[in-house]
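Data first, discussion second: the structure below is written as structure tokens.
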Ligand code: FES
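Numbering (our numbering), first residue to last: 1 to 423.
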């Protein structure tokens with residue numbers, strides 16, 4: 001077997017390891033590369049953390065992850081949302097041990113330092129030992145350098161400078177709008193609770209899979225046949241659905257061409273519109289003539305780089321842990337004003353991505369076997385050629401492939417390479 005590591009120079013290595021139609025297995029297994037990814041990607045770009053609806057009331061808080069960082073999302077008494085590192089400024093203790101709650105302050109259990117839920121140090125015991133109260137001015141729970149939200153989706157950036165959230169989202173913002181546009185009140189909530197799926201696989205394998213239209217017929221054949229779902233047929237050679245690269249590492253499976261062809265409201269949801277009379281009526285009342293289009297086209301299937309996956313009725317939040325480990329958090333989308341469909345979205349989510357669900361368990365089996373295979377020495381490469389010869393550029397300038405093509409993966413790797421500093 002030939003060596004593929006020409007030098008210690010990371011740029012040269014990556015240039016060799018990431019090629020337009022294949023990538024090297026070590027990209028998923030090299031701990032040194034994972035450390036570089038944390039520095040060059042996860043510490044610079046916008047990372048999805050949670051949703052404003054998880055802290056609806058003043059002083060609500062919830063523990064979250066931002067890459068490997070333990071953070072607390074708080075809502076202060078004035079309604080502003082903050083992301084604070086969960087670390088005491090005294091000797092670095094993890095401050096908050098609860099998953100969520102409501103409090104205007106956090107008190108460190110070690111020596112009693114207390115902080116407001118905006119991060120400001122409120123007090124500490126026995127101040128004479130420090131020569132007075134003012135001597136610790138400037139110490140606080142540190143905030144994530146940049147926090148911004150879009151349609152209630154909260155993102156954090158560990159970099160003080162860089163593109164704005166809206167610049168980062170680019171065309172993917174329209175996909176979030178599409179989801180929100182299925183709420184009769186134009187608002188979604190992600191407050192149904194999150195399931196955490198610890199996965200023994202590199203985070204990039206999950207990102208690649210989320211808009212891989214080649215696998216569903218095989219990996220998810222059992223759930224499609226048990227439920228009689230028409231979704232599997234959307235991912236076939238005969239499908240008019242497309243895979244699209246939206247730029248900035250974002251990719252989607254756009255299933256709308258198939259749903260438009262069928263022209264049936266709620267086909268995307270797999271439940272006839274007659275079974276959702278109150279939801280459909282509320283949509284028609286809210287959006288008039290445009291309601292039909294929304295109900296026919298349905299929700300997006302989009303992977304927003306690097307960690308927010310919207311899979312129609314579920315949202316996934318992928319956070320890396322180590323080179324061969326990540327956690328995928330999932331929750332059911334809830335539409336404001338859509339109680340009738342919300343119950344179904346919750347039960348469908350439990351059935352597909354819950355602890356005994358039939359969908360994510362199959363994907364996870366593939367992620368973990370993919371990781372174990374990538375750890376083997378030969379053959380060294382993962383192939384990405386599917387659909388290379390039939391890609392097109394659409395009217396908006398985005399690269400588009402067929403439903404089962406690896407167009408999304410190639411788009412992901414182009415962005416990955418640029419973020420890692422390789423031109
Ligand atoms: Fe928190 Fe000492 S480590 S008060």
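C-beta: ideal position from N, C-alpha, C; glycine also.
In whole angstroms, what separates the C-alpha of residue 407 from that of residue 392? Position 407 of the chain shown, counted from the start, is the residue given in the question as residue 407. Position 392 of the chain shown, counted from the start, is the residue given in the question as residue 392. Cα to Cα, the separation comes out at about 10 Å.
Just to confirm before moving on: does the CB-CB distance between residue 37 and residue 10 stay below 8 Å? Against the chain shown, residue 37 aligns to sequence position 37. Against the chain shown, residue 10 aligns to sequence position 10. No.
Excluding five sequence neighbours on each side, which residues of the same chain lie with their C-beta closer than 7 Å to the C-beta of residue 413? To locate residue 413, count along the chain shown from 1; it is residue 413. Same-chain partners within the cutoff: 18, 23.
CB of residue 352 within 8 Å of CB of residue 358, strictly: By 1-based counting over the chain shown, the position of residue 352 is 352. By 1-based counting over the chain shown, the position of residue 358 is 358. Going by C-beta atoms, residue 352 is nearer than 8 Å to residue 358.
Please enumerate, following chain order, all residues with a beta carbon closer than 5 Å to at least one heavy atom belonging to the ligand FES. 88, 90, 91, 93, 108, 110, 111, 113
Under a Cβ-count criterion, where at least 16 other Cβ atoms within 10 Å of its own Cβ denotes burial, should residue 69 be classed as buried or exposed? On the chain shown, residue 69 is found 69 positions in, with the first residue counted as 1. Buried is the call here.
For residue 242, the nearest candidate out of 52, 403, 51, 20 (CA to CA): Locating residue 242 in the chain shown gives position 242, where the first residue counts as 1. That would be 403, whose Cα lies nearest to the Cα of residue 242.
Backbone secondary structure at residue 232 - three-state DSSP: Taking the first residue of the chain shown as position 1, residue 232 is located at position 232. Helix.
Given a cut-off of 8 Å, decide if residue 300 and residue 310 are closer than it, judged by their beta-carbon atoms. Within the chain shown, the letter at position 310 stands for residue 310. Within the chain shown, the letter at position 300 stands for residue 300. In this structure, residue 300 lies closer than 8 Å to residue 310 by Cβ.
Residue closest to residue 219, alpha-carbon to alpha-carbon, out of 34, 28, 370: Numbered from its first residue, the chain shown carries residue 219 at position 219. Of the candidates 34, 28, 370, the one whose C-alpha sits nearest the C-alpha of residue 219 is 370.
Output needed for residue 405: all residues of its chain with C-beta closer than 6 Å, excluding positions within five of it in sequence on either side, in chain order. Here residue 405 corresponds to residue number 405 of the chain shown, with the count starting at 1. Same-chain partners within the cutoff: 243, 386, 387.
Which listed residue (245, 240, 274) has its alpha carbon closest to that of residue 259: Walking along the chain shown from the start, residue 259 turns up at place 259. Cα-wise, what sits closest to residue 259 is 240.
So the candidates are 340, 315, 307; which of them puts its Cα closest to the Cα of residue 326? Position 326 of the chain shown, counting from 1, holds the residue named residue 326. If we check each option's Cα against that of residue 326, 307 comes out closest.
Can you round the beta-carbon distance between residue 117 and residue 127 to whole angstroms, since I take them to be within the 8 Å contact cut? Locating residue 117 in the chain shown gives position 117, where the first residue counts as 1. Locating residue 127 in the chain shown gives position 127, where the first residue counts as 1. Actually they do not touch by this definition, with Cβ atoms about 22 Å apart.
As an exercise, report each continuous alpha helix (DSSP H) stretch of at least 4 residues that is fully enclosed by the region 269 to 334, in chain order. 277 to 287, 290 to 297
Is residue 310 near the ligand FAD, with its Cβ less than 7 Å from a heavy atom? No copy of the ligand FAD occurs in the structure displayed; its ligands are the ligand FES alone.
Where does residue 315 land, buried or exposed, given buried means 16+ other C-beta within 10 angstroms? For the purposes of this step, residue 315 is taken as residue 315 along the chain shown, with counting starting at 1. Result: buried.
Based on Cα-Cα distance, which residue from 332, 363, 320, 257 lies nearest to residue 194? Here the question's residue 194 lines up with position 194 in the chain shown. Closest option to residue 194, Cα to Cα, is 332.
Supposed close pair residue 182, residue 294 - CB separation, criterion 8 Å: As a position in the chain shown, residue 182 is number 182, starting the count at 1. As a position in the chain shown, residue 294 is number 294, starting the count at 1. Contact holds; Cβ gap of about 6 Å.
Given 8 Å as the limit, is there contact between the region 198 to 218 and the region 315 to 324, that is, 3 or more CB pairs closer than that? yes
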